[in-house]
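Down below is the structure, laid out as structure tokens.
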């Protein structure tokens, strides 16, 4: 997974478990793409402190994922729903089965968004 995408997913799932300070600095670095120097100036801390905080925060969220696996489950559900949607669109001969599969796939995909 590309690093930025991975950081975004980790934050989407586990960012609420971080302190306000961690959230603010992580968002500035990842989402606002501010440099470590810019963040350090704004926060009144050293560049090294910003770097360490981002590394610790990323490691902390990765540990949450390792234990809880929410991102893995989300991606698996999304993949399964996509396969179900593909099957629902195929010509298997049973219209009611295809329609029900399509409804289920749509519901799963909607719930995941």
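In our numbering, the protein residues as written are 933 to 1045.
The beta carbon of each residue, even a glycine, is placed where N, CA and C say it ideally should be.
For residue j and residue i, the rounded distance between their alpha carbons
i            : j            : result
residue 952  : residue 1005 : 27 Å
residue 986  : residue 973  : 15 Å
residue 1022 : residue 1030 : 8 Å
Supposed contact pair residue j and residue i - C-beta distance, whole angstroms, cut 8 Å
i           : j           : result
residue 955 : residue 947 : 6 Å
Own chain, CB closer than 7 Å to residue i, minus 5 neighbours either side, in chain order
i           : result
residue 960 : 966, 971
Same chain, Cβ closer than 8 Å to residue i, neighbours up to 5 away in sequence not counted
i           : result
residue 982 : 957, 961, 968, 971, 972, 975
Proximity test, residue i beta-carbon vs the ligand NAP heavy atom, cut-off 7 Å
i            : result
residue 1042 : Absent from the structure shown: the ligand NAP. Ligands present: none.
Neighbourhood of residue i by C-beta, 6 Å cutoff - its chain only, sequence neighbours within 5 removed
i            : result
residue 1040 : 1013
residue 1010 : 1044
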